[in-house]
Structures are given as C-alpha cells and as structure tokens.
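> For the sequence shown, the working numbering assigns the number 5 to the initial residue and increments by one for each residue that follows.
For each residue, glycine too, the CB sits at the ideal point set by N, CA and C.
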Amino acid sequence: MLKVKITIQKTNNEQPTIIIFPESPMNFMYESDREFQSFIRDFAVRNNVSVLFNSAQPNTISDNFYNSAVMIDRQGKKIGQYDKIHLVPFGEYVPVPEPLAQFVPTMVGNFQYGDKYNLLPLGDAKGGIMICFESHFPSLSREYVRNGADVLIEMTNDGYLGETPVLRQHMANAVFRAIETNRPVLRVTNVGITAYINERGEVMDAAKPYMEDTRVWTVSRSDGNQTFYVKYGDWFAWLCLIVSLALLSICFWKKR
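1) So, using beta-carbon positions, are HIS90 and PHE141 closer together than 8 Å?
2) First and last residue of the beta strand (DSSP E) that includes THR21?
3) Per DSSP, which residues does VAL98 bridge with? Please list them.
4) Indicate whether VAL247 and VAL207 have their beta-carbon atoms separated by less than 8 Å.
5) Count the CB pairs spanning the segment 152–171 and the segment 132–140 that are closer than 8 Å, and state whether there are at least three.
6) Going along the chain, which unbroken runs of the beta strand (DSSP E) with 3 or more residues stay wholly within the segment 118–193?
7) Counting pairs of beta carbons, one from the segment 197–213 and one from the segment 228–245, are three or more of them closer than 8 Å?
8) Under the three-state reduction of DSSP, which class applies to SER28: helix, strand or coil?
9) For VAL112, collect the residues of the same chain with a Cβ closer than 7 Å to its Cβ; drop the 5 residues on either side in sequence, then sort them by chain order.
10) Would ASN58 and SER28 be called neighbours here (beta carbons separated by less than 8 Å)?
11) Candidates SER226, VAL192, LYS235: which alpha carbon is nearest MET215's?
12) Taking the alpha carbon of ILE22 as the point to measure from, which residue in ILE254, LEU252, SER224, ALA250 has its own alpha carbon closest?
13) Whole angstroms are fine: how far does the CA of ARG187 sit from the CA of ASN202?
14) Near ALA60, which residues of its chain fall below 6 Å by C-beta distance, leaving aside the five closest residues on each side in sequence?
15) Is the beta carbon of ASN71 sitting closer than 8 Å to the one on PHE115?
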C-alpha cells in the first residue's frame, strides 16, 4: 500500500494537508459501512487532514454501484465525489446487451458509468481524478482542465499486473496527460509506480513497485493557461487523417 500526503500552497501561507490513497483492489463501501465511516472520520479529525480514497458508491436510482473517488474534509465530512466514467471492459462492466450480461463474469463487478466531470477541492486548487484505466483517455483530462483543474490525480490499482513492464507502460499514459494539459499528475498506486509527474512530463520522486512507502508533495493553483490540445482537442489529428486519406486516394487514382 502506498499513500501520498500533499500540502496545498496558499497565499496566506496556510498549508492544508490531503492524504490520498490508491484505488483499492476490493472496494470499500463508504455510504453503507458505518465502521469504515467512523474510522476514516476519526483519522481525518485526529490528524487534521482531508482524505481522498476509493469507494464503491451506490447509485440512488438503481441497484448498481459506481467505482468512485470520495473526499472528506478535516472535520470528517464528505465534500466531494467523482464516479468513474471510463470502466474496464470485462473488469468493471460487460460490453454485451443487458440480458446476456448476467451470464458473463467480470474481474471486479458490474459497475455503473459515471457521467459528471466533478472536480475535487484541494485547498485553493482544484483536482481532476483519473481512476486507474482512465489515464488512457486524453479526453477526460482535457475536460477537467477546460473546467478549471489545476492538477490531475491518478488513483490506480495495478495489483493484477504483477512485476511486469506493464507497470511502466501504464505510468507512461500519465506522462502524456501531463504534457497535453500542462498540469502535474499525482500518481498514487497500490503496488505500481507511484510518482509525481510535472507539467513537462518528467517523472519525479518515483516509488519502487511492490514496496510500502509514502510520498509528500506540494501543489498550488495553476496560472489557468490552456494548451493547444486543451483548447482545440483532436482536430489536428483528424485533419492529418483526412489529408492522409486524400493523398492515398490521389495516388490510387493516378495509378489507375
């Protein structure tokens, strides 16, 4: 288990502390587990810290659960929640019609899709959450920064990967997300590579895989500037594709 303690640099020199835990290999259920609620509340109050952790949160309009990131403040009160939008096929949902889904097993469970790009408060700053697999999707981090995110946080469970090159490959996704958005990524894992990735994509203060450890990082508000990619998205890539197809078509036409 690795955890990260971050302090938020504020203009009045007050530095609130937030403890971030990684995605859990077996999801806690904060809303229904009174013992866990009491434990995490007492921890926050006793240490005067906010806590960001993973939880299976109920969907109020169905019997399904979300794979969520939940934040409680220094008084132990819940102040924010993000529900995972991009779920892992056959890990967190079954990509088949509902009547057949009940016959197809999944690795973790059959979760509900989240649909809100909620930012969580980090002192004066705001953070966008990527849960594990979601670091693959540039559209998610782009939307966070368009909405005002100052930092990106990846909470991940890499326990099923083993000590393989996939741990580094998974971290490489976060490097691209940092460069694309010009925002630092705080990567918090349970067994993988916990690291601070700065706005230039440099991996700093990395922890060794499968070693219990903690890290202390400081983050502050960004200058609010948005990169070309954040402003305009994938249109350049689509333009390149269209031009390439046009050139190929011309080549085939001339050959004929």
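This is what the structure gives:
1) yes
2) 21–24
3) For VAL98, which the question treats as bridged, DSSP gives no partner whatsoever.
4) no
5) yes
6) 123–126, 129–135, 155–160, 189–193
7) The segment 197–213 is not in contact with the segment 228–245.
8) coil
9) Apart from sequence neighbours up to five positions away, the residues of its chain that approach VAL112 with a beta-carbon distance below 7 Å are GLY95, GLU96, ordered along the chain.
10) yes
11) VAL192
12) SER224
13) Between the alpha carbons of ASN202 and ARG187 lies a distance of about 7 Å.
14) ASN31, MET33, PHE69
15) yes
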